[in-house]
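Participant:
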DNA sequence: CATTAAACAGACCAAACAGTCTGTAATATG
DNA sequence: CATATTACAGACTGTTTGGTCTGTTTAATG
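Residue numbers (our numbering), protein chains in the order written: chain F, 1 to 206; chain P, 207 to 412.
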């Protein structure tokens, strides 16, 4: 693939993501994407052999960017602090800043979107979404485990449960954010979750 | 509308709900619904003047049943206890039983589904979804306020925040439940949320 | 600079789609 | 029992859909 081709493909993916986030995948036609991006039908089917192929590549492309973003925020938090609880809190507040970006607040989560339409997708793709969500969760499990090991929680709790709760809280926040058209909802959920953590790990707070 | 007609309409709504929950609204064709329910095209368009009309009526029908279910569980909890914290905990555990029903565990939330496809729907319908979510939240706000008034929380917290967090946690749990095909995820989120409440209102726990 | 392959453009197609229309069976009502 | 209305049945239609195909332009490569 030539650099020019890669650029065109990126344009299609970007436009498709924007449309899919508003209308769902089944609700977005190939012609919609062509109109949005100005790309021709020939060009589209040169880069994607079918709409199902777009579904696959779009998700993989999205997940790649998404996971990369999380790793970046986490790496920064880990570099800034020694104590895992400090790292975690730093991560969460940085994540809240990202969520509240006035330029482009996240419009939703593509994992959730695919999950609510999953009958159309191949098992392969459904598996990929589940694995990606799990690897996202796994990042948090590791960190929560470090926190638990260092600072005994006041109530028995597992790292897995906390990690899953955080993911759920964010996913739920994004839904409320869309439904209410209130871009601050998701960050608020993260804040409230921090409150829970501070209660669970009181001795870890400065 | 004759009783027979009402029955047919109910059959269409039930079948449409099942399909929409699996494939999304845009991803479900009228012909799909006809095949699923055995209803004829003539009958369908006798009861619904368009697919958009189905979107409206389906959501209103769903919301009616949904809110009714919540009110029932809440009323039972309120009848069983005097203390608002006891009522709340009873409500949550009863709700968890409902979520874990081995017969038909909830496959998802239609508010979330519509929210992730909202570009297709009329403003009217989008508004209705937002209002319904808010009236659902409002139920919890009232109860949390009673708890806060009776049992001072160990950290400052608003009833609104707690209510929104609970809704987010459930919505997020349903997404994980679908993605992982694990029907227990949502109830676990509710459990974990209870843990938070018990930390927040320690003196309210027997 | 010739050749080959990638990148596109857009007319075209069959299937799926939402919705219509005409006719018929069931049911309520005076 | 006559009549009107509701409830359906299903063939049909115009449009949208995902996808193909043929031809042309652009760019890499020996």
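All C-beta atoms in this analysis are idealised placements derived from N, C-alpha and C, irrespective of residue type, glycine included.
The structure displayed is predicted, hence computed values, not measured ones.
Across the region 297-311 of chain P and the region 391-399 of chain P, are there enough close Cβ pairs to call them in contact, namely three or more that are closer than 8 Å?
Facilitator: yes
Participant: What does a CB cutoff of less than 7 Å around residue 203 of chain F pick up in its chain, not counting 5 residues either side in sequence?
Facilitator: Within the first chain, the letter at position 203 stands for residue 203 of chain F. Excluding positions up to five away in sequence, the list reads 151.
Participant: If I measure Cβ to Cβ from residue 234 of chain P and keep anything under 6 Å in the same chain, skipping five residues before and after, which residues do I get?
Facilitator: For this step, residue 234 of chain P is matched to residue 28 along the second chain. Answer for residue 234 of chain P: 225, 226, listed in chain order.
Participant: Give the C-beta separation of residue 163 of chain F and residue 144 of chain F to the nearest angstrom, bearing in mind that I take them to be a contact with Cβ-Cβ under 8 Å.
Facilitator: Your numbering for residue 163 of chain F matches position 163 in the first chain. Your numbering for residue 144 of chain F matches position 144 in the first chain. Between residue 144 of chain F and residue 163 of chain F the Cβ distance is about 6 Å, and since that is below 8 Å, they are a contact.
Participant: Which of the three DSSP states, helix, strand or coil, is assigned to residue 116 of chain F?
Facilitator: Within the first chain, residue 116 of chain F is the residue found at index 116, counting from 1. Reduced to three states, the DSSP call for residue 116 of chain F is coil.
Participant: Please state the DSSP three-state secondary structure of residue 364 of chain P.
Facilitator: Against the second chain, residue 364 of chain P aligns to sequence position 158. Of the three classes helix, strand and coil, the one that applies to residue 364 of chain P here is coil, per DSSP.
Participant: To the nearest angstrom, report how far apart residue 315 of chain P and residue 335 of chain P are at their CA atoms.
Facilitator: Here residue 315 of chain P refers to the residue found at position 109 when the second chain is read from its first residue. Here residue 335 of chain P refers to the residue found at position 129 when the second chain is read from its first residue. Those two C-alpha atoms are separated by around 11 Å.
Participant: Under a Cβ-count criterion, where at least 16 other Cβ atoms within 10 Å of its own Cβ denotes burial, should residue 384 of chain P be classed as buried or exposed?
Facilitator: The sequence position of residue 384 of chain P within the second chain is 178, counting from 1. Buried, by the Cβ-count rule.
Participant: Indicate whether residue 74 of chain F and residue 139 of chain F have their beta-carbon atoms separated by less than 8 Å.
Facilitator: Translated into positions along the first chain, residue 74 of chain F becomes position 74. Translated into positions along the first chain, residue 139 of chain F becomes position 139. Their beta carbons are under 8 Å apart, which means residue 74 of chain F touches residue 139 of chain F by this criterion.
Participant: Are the CB atoms of residue 243 of chain P and residue 218 of chain P nearer to each other than 8 Å?
Facilitator: Within the second chain, numbered from 1, the residue matching residue 243 of chain P stands at position 37. Within the second chain, numbered from 1, the residue matching residue 218 of chain P stands at position 12. In this structure, residue 218 of chain P lies closer than 8 Å to residue 243 of chain P by Cβ.
Participant: With burial defined as no fewer than 16 other Cβ atoms inside 10 Å of the residue's Cβ, what is the status of residue 59 of chain F: buried or exposed?
Facilitator: By one-based count along the first chain, residue 59 of chain F stands at place 59. With 16 or more other Cβ atoms within 10 Å, it is buried.
Participant: Which class does residue 245 of chain P belong to by DSSP, given the choice of helix, strand or coil?
Facilitator: To locate residue 245 of chain P, count along the second chain from 1; it is residue 39. Note: residue 245 of chain P maps to coil in three-state DSSP.
Participant: Going along chain P in order, which residues have a C-beta closer than 8 Å to the C-beta of residue 169 of chain F?
Facilitator: Taking the first chain and counting its residues from 1, the one referred to as residue 169 of chain F is at position 169. In chain order, 371, 374, 375, 378 make up the part of chain P whose C-beta sits under 8 Å from the C-beta of residue 169 of chain F.
Participant: Can you tell which of P:328, P:363, P:386, P:311 has the C-alpha that lies nearest to the C-alpha of residue 126 of chain F?
Facilitator: Translated into the one-based positions of the first chain, residue 126 of chain F becomes position 126. Of the candidates P:328, P:363, P:386, P:311, the one whose C-alpha sits nearest the C-alpha of residue 126 of chain F is P:386.
Participant: Strictly below 7 Å CB to CB, what residues from chain F border residue 385 of chain P?
Facilitator: The residue you call residue 385 of chain P lines up with position 179 of the second chain. Within 7 Å Cβ-Cβ: 111, 115, 129, 130, 133.
Participant: How far does the alpha helix (DSSP H) with residue 447 of chain P in it extend, from its first residue to its last?
Facilitator: Only positions 207 to 412 of chain P appear in the structure, and residue 447 of chain P is not among them; the question remains open.
Participant: Could you work out which residues of chain P lie near residue 175 of chain F, taking near to mean beta carbons separated by less than 7 Å?
Facilitator: Along the first chain, read from residue 1 onward, the residue named residue 175 of chain F stands at position 175. Correct list: 318, 321, 377.
Participant: Output the boundary residues of the alpha helix (DSSP H) element that contains residue 341 of chain P.
Facilitator: Working through the second chain from its first residue, we reach residue 341 of chain P at position 135. Residues 329-356.
Participant: Could you check whether the Cβ of residue 361 of chain P sits closer than 8 Å to any Cβ belonging to chain F?
Facilitator: In the second chain, residue 361 of chain P corresponds to position 155, counting from 1. Look at residue 361 of chain P: its C-beta is under 8 Å from a C-beta on chain F.
Participant: Could you give the first and the last residue of the continuous alpha helix (DSSP H) run that contains residue 86 of chain F?
Facilitator: Along the first chain, one-based indexing puts residue 86 of chain F at 86. DSSP places residue 86 of chain F inside the alpha helix (DSSP H), whose first and last residues are 84-99.
Participant: Just mark residue 132 of chain F as buried or exposed, buried being the case when its beta carbon has 16 or more other beta carbons within 10 Å.
Facilitator: As a working note, residue 132 of chain F is residue 132 in the first chain. With 16 or more Cβ atoms within 10 Å of its Cβ, residue 132 of chain F is classed as buried.
Participant: Using only the alpha-carbon positions, how far apart do residue 389 of chain P and residue 65 of chain F sit?
Facilitator: What you label residue 389 of chain P is simply residue 183 of the second chain in a count that begins at 1. What you label residue 65 of chain F is simply residue 65 of the first chain in a count that begins at 1. Between residue 389 of chain P and residue 65 of chain F, the C-alpha separation is close to 29 Å.
Participant: Quick one: residues in its chain with C-beta nearer than 7 Å to the C-beta of residue 376 of chain P, no 5 flanking neighbours on either side, listed in chain order?
Facilitator: Residue numbering aside, residue 376 of chain P sits at position 170 when the second chain is read from its first letter. These residues qualify, in order along the chain: 392, 395, 396.
Participant: Quick one, which residues of the region 226-240 of chain P are near chain F if we go by CB-CB under 7 Å, in chain order?
Facilitator: 228, 229, 230, 232, 233
Participant: Report the three-state DSSP secondary structure of residue 287 of chain P (helix, strand or coil).
Facilitator: Here residue 287 of chain P is taken as the residue at index 81 of the second chain, counted from 1. In this structure, residue 287 of chain P counts as coil in the three-state DSSP scheme.
Participant: Please list the terminal residues of the continuous alpha helix (DSSP H) segment that includes residue 209 of chain P.
Facilitator: As a first step, residue 209 of chain P must be located in the second chain, where it is residue number 3. 209-229 is the extent of the alpha helix (DSSP H) around residue 209 of chain P.
Participant: For a test of the three-state rule: what should DSSP assign to residue 27 of chain F, helix, strand or coil?
Facilitator: In the first chain, the residue the question calls residue 27 of chain F occupies position 27. Three-state result, residue 27 of chain F: coil.
Participant: Report yes if the CB atom of residue 201 of chain F is closer than 8 Å to the CB atom of residue 69 of chain F, and no otherwise.
Facilitator: As a working mapping, residue 201 of chain F is identified with position 201 in the first chain. As a working mapping, residue 69 of chain F is identified with position 69 in the first chain. Contact flag unset, no.
Participant: List, in chain order, every chain F residue whose beta-carbon is nearer than 9 Å to that of residue 405 of chain P.
Facilitator: The residue given as residue 405 of chain P occupies position 199 in the second chain. The answer, in chain order, is 154, 155, 196, 199, 200.
Participant: Within 10 angstroms of the Cβ of residue 222 of chain P, are there 16 or more other Cβ atoms? Answer buried if so, exposed if not.
Facilitator: Position 16 of the second chain holds residue 222 of chain P. By the 10 Å Cβ count, residue 222 of chain P comes out buried.
Participant: Along chain F, which residues have their Cβ under 7 Å away from the Cβ of residue 326 of chain P?
Facilitator: Mapped onto the second chain, residue 326 of chain P falls at position 120. By Cβ distance, chain F contributes 23, 27.
Participant: Can you tell me the Cβ-Cβ gap for residue 403 of chain P and residue 199 of chain F, rounded? I've got them flagged as a contact below 8 Å.
Facilitator: For the purposes of this step, residue 403 of chain P is taken as the residue at position 197 of the second chain. For the purposes of this step, residue 199 of chain F is taken as the residue at position 199 of the first chain. So it is not a contact: roughly 10 Å between Cβ atoms.
Participant: DSSP three-state call for residue 207 of chain F: helix, strand or coil?
Facilitator: Outside the displayed span of chain F (1 to 206) sits residue 207 of chain F, for which this structure offers no information.
Participant: Straight-line CA distance for residue 278 of chain P to residue 284 of chain P?
Facilitator: Numbered from 1 along the second chain, position 72 holds the residue referred to as residue 278 of chain P. Numbered from 1 along the second chain, position 78 holds the residue referred to as residue 284 of chain P. Computed Cα separation, rounded: 10 Å.
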